[in-house]
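S.K.:
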Amino acid sequence: MSKIAVLPGDGIGTEIVAEAVKLLRALGEPFELEFADVGGTAYERHGHPLPEATLKLAREADAILFGAVGDWKYDSLPRPLRPEQAILGLRKALNLFANFRPAICYPELTAAASLKPELVAGLDILIVRELTGDIYFGQPRGRRTAPDGAFAGADEAFDTMRYSRPEIERIARVAFEAARKRGKKLTSVDKANVLETFQFWKDVVTEVHKDYPDVALDHMYVDNAAMQLVRAPKRFDVIVTGNMFGDILSDEAAMLTGSIGMLPSASLNERGQGLYEPSHGSAPDIAGKGIANPLATILSAAMMLRYSLAKPAQADRIEAAVKRVLAQRLRTADIAAPGASPIGTAQMGDAVVAALSN
Ligand code: IPM
Ligand code: MG
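Below, the structure written as structure tokens:
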């Protein structure tokens, strides 16, 4: 029986994960769901954003369904105790190096996107973000001159950007494989004109390309990629990039789809174990109001069924149900047309359950 670790986290995390859990239970599969605290919630209850018990559960599970972490109220905590350290710690501890962030513009939502409909209609791109290296995890990092590492009194801070050949090779392979199953076009995004780390990235991706002659590869500087994403996003099929650039470009790509509330993500390790989370954050400003869009989390659960639990037919069922619900014009506030009356988080979850085919 597949074991799923359910980590709702902070802010809207609990509300949206509850809807995905409702749906998983409606599938009629014998999943074992086990819940644990993570993020600011875990810090308050156990003194640490990623308690040992949560990490243990995550390690043992076949897959992790994750909500979101973070709240401004924790901004003054020392970095190791901030909620974000929970997700960074899980990624690192489980070696979840491959992050898939699809950006799909559903036909029903074309009008909700920030760009002109003709630019985004039919958009279907996949960002493959490297997730356990780069400046996020570079050493050394710190502040200098403060004698004890204290924040006050330092006059310099630094983080180091680094990638090793094996780290680049494995994410490049994942991206080439993904491109092979789609439009056979891969764009590697770097900053090779300035950064040594990304010249190396470009060289290694070019070498790996020799094993994938059926996939067309191009290279693009990150500043240009940011521009092309809003100028002509449909020119992309699969984008592969480092941790930092992928963080930024995936938020940008999200807005091409109508709402970041629609975007799922999967973070996988070499064993196929994965963490599934919406691409959006904890949105503390709307937490507890029951208005958040649960579809990104529901679609993340579909990715979980496909990539970690070997249930592709169930994943298809969920995705079809989401499309049906959108076709029925049911919308949470983030994707509602001006003047239309939106439905709440739980109503959206119920609607997807009701739309499941048998
Ligand atoms: C994301 C988030 C995280 C990141 C934060 C919460 C640490 O922005 O998943 O994109 O920067 O990776
Ligand atoms: Mg981000």
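Positions in the sequence shown are counted from 1; adding 13 to them yields our numbering.
For glycine and all other residues, C-beta sits at the position ideal for the given N, C-alpha and C.
Pull up the CB-CB distance for E121 and T358, whole angstroms please, since I reckon it's below 8 Å.
M.R.: If you number the sequence shown from 1, residue 121 lands on position 108. If you number the sequence shown from 1, residue 358 lands on position 345. With a Cβ gap of about 19 Å, E121 and T358 do not count as contacting.
S.K.: How is the beta strand (DSSP E) around I140 delimited, first residue to last?
M.R.: Residue numbering aside, residue 140 sits at position 127 when the sequence shown is read from its first letter. It spans D137 to E143 - the beta strand (DSSP E) in which I140 sits, taken as one unbroken run.
S.K.: Taking 9 Å as the cut-off, decide whether the C-beta atoms of I77 and L40 are in contact.
M.R.: As a working mapping, residue 77 is identified with position 64 in the sequence shown. As a working mapping, residue 40 is identified with position 27 in the sequence shown. Not in contact: I77 and L40 (Cβ atoms no closer than 9 Å).
S.K.: Per DSSP, which residues does V251 bridge with? Please list them.
M.R.: As a position in the sequence shown, residue 251 is number 238, starting the count at 1. In the DSSP output, where bridge partners are listed per residue, V251 has L139 and L199.
S.K.: Shorter than 8 Å, the distance from the beta carbon of G135 to the closest heavy atom of the ligand IPM, or not?
M.R.: The residue given as residue 135 occupies position 122 in the sequence shown. Result no, Cβ not under 8 Å from the ligand IPM.
S.K.: By DSSP, does V51 sit in helix, in strand, or in coil?
M.R.: As a first step, residue 51 is located in the sequence shown; it is residue number 38 there, counting from the start. Here V51 sits in coil by DSSP.
S.K.: For Q98, is the classification buried or exposed, using 16 other Cβ atoms within 10 angstroms of its Cβ as the cut-off for buried?
M.R.: The residue you call residue 98 lines up with position 85 of the sequence shown. So Q98 counts as buried.
S.K.: I'd like the span of the beta strand (DSSP E) that includes K16, first residue to last.
M.R.: Indexing the sequence shown from 1 puts residue 16 at position 3. Here the beta strand (DSSP E) through K16 covers K16 to G22.
S.K.: Taking three-plus beta-carbon pairs below 8 Å as touching, is the segment 47-56 in contact with the segment 87-96?
M.R.: Cβ pair count under 8 Å is three or more, so yes.
S.K.: Taking the alpha-carbon of A287 as reference, which of D216, S278 and S295 has the nearest alpha-carbon?
M.R.: Position 274 of the sequence shown, counted from the start, is the residue given in the question as residue 287. It should be pointed out that residue 287 corresponds to Gly in this sequence rather than to Ala. The shortest C-alpha separation from G287 is found at S278.
S.K.: Can you name, in chain order, every residue of its own chain whose Cβ lies under 8 Å from the Cβ of S292, other than the five neighbours on each side?
M.R.: Taking the sequence shown and counting its residues from 1, the one referred to as residue 292 is at position 279. Taken in chain order, the residues that qualify are R114, S263, D264, A267, I273, L276, P277, S278 and A309.
S.K.: Answer with buried or exposed for A71, where buried requires no fewer than 16 other C-beta atoms within 10 angstroms of its C-beta.
M.R.: As a first step, residue 71 is located in the sequence shown; it is residue number 58 there, counting from the start. Buried.
S.K.: Just reading off the beta strand (DSSP E) that I117 is part of, what are its end residues?
M.R.: In the sequence shown, counting from the first residue as 1, residue 117 sits at position 104. Where I117 is concerned, the enclosing beta strand (DSSP E) stretches over A111 to I117.
S.K.: Can you tell me whether DSSP reads S263 as helix, strand or coil?
M.R.: Taking the sequence shown and counting its residues from 1, the one referred to as residue 263 is at position 250. DSSP places S263 in helix when its eight states are reduced to three.
S.K.: For the beta strand (DSSP E) containing P351, name the first residue and the last one.
M.R.: Your numbering for residue 351 matches position 338 in the sequence shown. That residue, P351, is in no beta strand (DSSP E); it is neither H nor E in DSSP.
S.K.: When you compare the segment 200-219 with the segment 227-236, are there three or more beta-carbon pairs, one atom per stretch, that lie closer than 8 Å?
M.R.: Taking 8 Å as the limit for Cβ pairs, the verdict is that the segment 227-236 does touch the segment 200-219.
S.K.: Is any beta-carbon of chain B found at less than 9 Å from that of S127?
M.R.: This model lacks chain B altogether, as it is built from one protein chain only.
S.K.: Which residues does DSSP list as the beta-bridge partners of H293?
M.R.: Counting from one through the sequence shown, the residue named residue 293 turns up at place 280. The partner list for H293 (beta bridge, DSSP) is empty, contrary to what the question assumes.
S.K.: Excluding five sequence neighbours on each side, which residues of the same chain lie with their C-beta closer than 8 Å to the C-beta of T270?
M.R.: The residue given as residue 270 occupies position 257 in the sequence shown. A116, I117, C118, Y119, L122, A126, V133, L136 and L276, listed in sequence order.
S.K.: Buried or exposed, going by whether 16 or more other CB atoms sit within 10 Å of the CB of Q152?
M.R.: In the sequence shown, counting from the first residue as 1, residue 152 sits at position 139. Counting Cβ neighbours within 10 Å, Q152 comes out exposed, since fewer than 16 surround it.
S.K.: For the structure I just gave you, are there three or more beta carbon pairs, one from the segment 137-144 and one from the segment 175-193, closer than 8 Å?
M.R.: With the cut-off at 8 Å, the segment 137-144 and the segment 175-193 touch.
S.K.: How would the residue list near the ligand GDP read, in chain order, if you kept each one whose beta-carbon is closer than 5 Å to any heavy atom?
M.R.: Annotation note on the ligand GDP: not contained in the displayed structure, which lists the ligand IPM and the ligand MG as its ligands.
S.K.: List the endpoints of the continuous alpha helix (DSSP H) containing M240.
M.R.: Position 227 of the sequence shown, counted from the first residue, corresponds to residue 240. V235 to R244 is the span of the alpha helix (DSSP H), which, as asked, contains M240.
S.K.: Give the single residue among K129, A111, V365 and R195 whose Cα lies nearest to the Cα of G255.
M.R.: Numbered from its first residue, the sequence shown carries residue 255 at position 242. That would be A111, whose Cα lies nearest to the Cα of G255.
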